[in-house]
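>
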Amino acid sequence: MYSLELRSDSPEATRTIADKLGRLLEAGDVIALYGDLGTGKTCFAQGVARGLGVPGNVTSPTFVLLREYAGRLPLYHFDAYRLNGPEDFTELGSEEYLSGPGVSIIEWAERVAGALPDDRLEVELLRLDREENTRLIRFSGTGERSRTIVEGLRRVLCSGN
Amino acid sequence: MGVLILGIETSCDETAAAVVTDGQRVMSNVVASQAELHRCFGGVVPEVASRRHIETLNPVIATALAEAGLGFDDLNAIAVTQGPGLLGSLLVGLMAAKSLSFALKIPLIAVNHIEAHIYANFLLGEEISFPFVAMVVSGGHTDIVYARSHSEMRLVGQTLDDAAGEAFDKVARFLGLGYPGGPVIESLARKGNPEAIPLPRAFLEEGSLDTSFSGLKTAVVNHINRSRQKGEEVDLSDVAASFQAAVVEILVTKALAAVETYGAKALLLAGGVAANGHLRDVMLTRMRMQDVKVVIPPPALCTDNAAMVAAAGYYRYLRGDFAPLEINAAAGLSL
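Each protein sequence line maps, in turn, to chains A and B.
Residue numbers for the first sequence follow my numbering, so the first one is 1 and each next one is one higher.
Residue numbers for the second sequence follow my numbering, so the first one is 162 and each next one is one higher.
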């Protein structure tokens, strides 16, 4: 099983799940984030940052396209909302960042699908129809490393740590 | 002739150059904006900014000098935005500024983008006394700054998630209203009832000058989804009016709290969202009741421009606060 589904009933619960994920990450890991407006993508990134030990506040990178943070590992927080396609993403220097010494998170990853690495952790945030504060969070690995992360996350969450 | 400073601004989307005399008189203010293009693409950057900055900056600088009726030799200093912003974009402006400073043998002045927005207010010929509180609200910022003097400015509040202008853009796009979101929502809101839809105002904990707009954005999305599920027709002007009222109430409440906390005599508004008429009106009315002077630049000086950079640079020039040529762009530069 290379995928995992979880439910979150609040922004803080989303951050807690992402925090656990953040603790498992290594240099070069790439997280592609998917989800409609207001499903908690930046919130998820805030949790990952917390798990990476990033001090201070992580805010939406929509306007500036990329924000860098220093934690246990560097965090590169991209936002493709205003980008027009993979070429724009590459122009930002994405290849260097993605293979760099840090962890990359890309919000609205579907907008730059062609420029994403083969091995990436995909995280989808879905709003449920009748419960507007609940999110279904779906993790899936597209390669060896990202599948290891999904397995690691499953172990951590099942052991209750 | 006064002190002539060339300002250069490339921190995000806009490529801008301007010449300002004595930090007050705008001789020229040129902005190569992508706003028109953005409208066609629904808020999307057609080409990433740094490449465009490289292509556009030299002509923009030449135009700024020509419109001012000046040559490079007339300049006393070059002021440039060092950060915060997008690294690749900042570098273009900084490299150009360094080259000019080196070639012309005049001082290089590094300016913080937020500080620059605040100094747009000093271009209006208004008497501004310290201490003041400044609120910079744009697509990328919701910053509250306390200023004791020109050299003592401190960030005392910021957004914990989305910037106010970003909330406008995202809600506008979600409602299918186009880009940029501020003006469309403002004009639609005039026809709507600001009390039609109850939307949350996140004031955060007691005494906090930070803001949060993410929950408000989500509440708008939830309201639309709920109405659609019930098959109800949504009155977009009511949504726009209710949303705008919530944003303005949050901003004005925080500004009032900041002014009170720091015993400020004036409130300086800046950034693209400061062009919002409803925000201007409410801020003016509420501050007047507290006997606080409000200064707001005209819209052209609210959005990113280089005249504000030159103005901020002037006060650093007076202090002899020059930057070495080894200076680097700083994407996360703080005040």
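The C-beta atom is built at its ideal place from N, Cα and C for all residues, glycine as well.
Quick check for students: name the residue ranges of the beta strand (DSSP E) that lie wholly in the segment 246 to 317 of chain B, counting only runs of 3 or more.
269 to 273, 293 to 298, 303 to 310
> Taking only three categories from DSSP, how would you classify residue 179 of chain B?
strand
> Should residue 205 of chain B be flagged as near chain A, meaning a C-beta pair shorter than 8 Å?
Here the model assigns residue 205 of chain B a pLDDT of 46, short of 50, so the residue's position is not dependable, and the following value carries that caveat. Yes - at least one Cβ of chain A is within 8 Å of the one on residue 205 of chain B.
> For residue 456 of chain B, list the residues DSSP reports as bridge partners.
B:429
> What does residue 148 of chain A touch in chain B if you count any residue whose Cβ is under 7 Å from its own?
Ordered by position in chain B, no residue passes the 7 Å Cβ test against residue 148 of chain A, which lies about 31 Å from the chain.
> With a threshold of 8 Å between beta carbons, is residue 388 of chain B in contact with chain A?
no
> Do residue 297 of chain B and residue 428 of chain B have their CB atoms nearer than 8 Å?
Going by C-beta atoms, residue 297 of chain B is not nearer than 8 Å to residue 428 of chain B.
> For residue 215 of chain B, which of helix, strand or coil comes out of DSSP?
Of the three classes helix, strand and coil, the one that applies to residue 215 of chain B here is helix, per DSSP.
> Around the C-beta of residue 158 of chain A, are 16 or more other C-beta atoms found within 10 angstroms, so that it is buried, or is it exposed?
exposed
> So if I threshold CB-CB distances at 7 Å, which residues from the segment 87 to 109 of chain A count as touching chain B?
88, 91, 92, 93
> Three or more beta-carbon pairs under 8 Å between the segment 378 to 395 of chain B and the segment 346 to 357 of chain B, yes or no?
Taking a cut-off of 8 Å for Cβ pairs, the segment 378 to 395 of chain B and the segment 346 to 357 of chain B do not touch, as fewer than three such pairs fall below it.
> Run through the DSSP bridge pairs and tell me what residue 320 of chain B is partnered with.
B:372
> Which same chain residues end up closer than 8 Å to residue 369 of chain B when comparing Cβ atoms and leaving out the 5 residues on each side of it in sequence?
318
> On the CB-based measure, 16 or more other CB atoms within 10 Å of its CB, does residue 41 of chain A come out buried or exposed?
buried
> Quick one: grab the DSSP three-state call for residue 31 of chain A.
strand
> Exposed or buried, residue 232 of chain B, counting other C-beta atoms within 10 Å across all chains shown (16 or more means buried)?
exposed
> To the nearest angstrom, report how far apart residue 262 of chain B and residue 181 of chain B are at their CA atoms.
Between the alpha carbons of residue 262 of chain B and residue 181 of chain B lies a distance of about 16 Å.
> Determine, using beta-carbon pairs with one atom in the segment 254 to 261 of chain B and one in the segment 408 to 415 of chain B, whether at least three such pairs fall under 8 Å.
no
> Say whether chain A places a C-beta atom closer than 8 Å to the C-beta of residue 456 of chain B.
no
> Which residues, taken in chain order from the segment 46 to 64 of chain A, show a beta carbon closer than 7 Å to some beta carbon of chain B?
57, 59, 60, 62, 63, 64
> For residue 3 of chain A, is the classification buried or exposed, using 16 other Cβ atoms within 10 angstroms of its Cβ as the cut-off for buried?
exposed
> For residue 340 of chain B, name the three-state secondary structure that DSSP assigns.
coil
> Just list the residues that DSSP pairs residue 5 of chain A with in beta bridges.
A:138
> For residue 324 of chain B, I'd like the list of residues in its chain whose CB is within less than 8 Å of its CB, leaving aside the five on either flank, ordered along the chain.
298, 299, 300, 301, 302, 303, 374
> Is there at least one non-hydrogen atom of the ligand ATP closer than 7 Å to the beta-carbon of residue 444 of chain B?
The ligand ATP is not part of the structure shown, which contains no ligands of any sort.
> Shortest alpha-carbon distance to residue 106 of chain A belongs to which of A:144, A:54, A:46, A:133?
A:46
> What does residue 247 of chain B reach in chain A if we use C-beta pairs closer than 7 Å?
64, 65, 66
> To the nearest angstrom, report how far apart residue 148 of chain A and residue 50 of chain A are at their CA atoms.
If I take the Cα positions, the gap works out to 21 Å.
> With burial defined as no fewer than 16 other Cβ atoms inside 10 Å of the residue's Cβ, what is the status of residue 446 of chain B: buried or exposed?
exposed
> Is the beta carbon of residue 61 of chain A sitting closer than 8 Å to the one on residue 44 of chain A?
no
> According to DSSP, is residue 51 of chain A helix, strand or coil?
helix
> Specify, as a first and last residue, the run of the alpha helix (DSSP H) that residue 475 of chain B falls within.
468 to 480
> Nearest CA to the CA of residue 188 of chain B: which residue from B:242, B:166, B:494, B:451?
Measuring C-alpha to C-alpha distances from residue 188 of chain B to each of B:242, B:166, B:494, B:451 identifies B:166 as the nearest.
> Counting along the chain, where does the alpha helix (DSSP H) carrying residue 440 of chain B start and finish?
Per DSSP, residue 440 of chain B is one residue of the alpha helix (DSSP H) stretching across 438 to 450.
> Which stretch, first to last residue, makes up the beta strand (DSSP E) that contains residue 74 of chain A?
74 to 79
> Kindly indicate the opening and closing residues of the alpha helix (DSSP H) around residue 408 of chain B.
397 to 423
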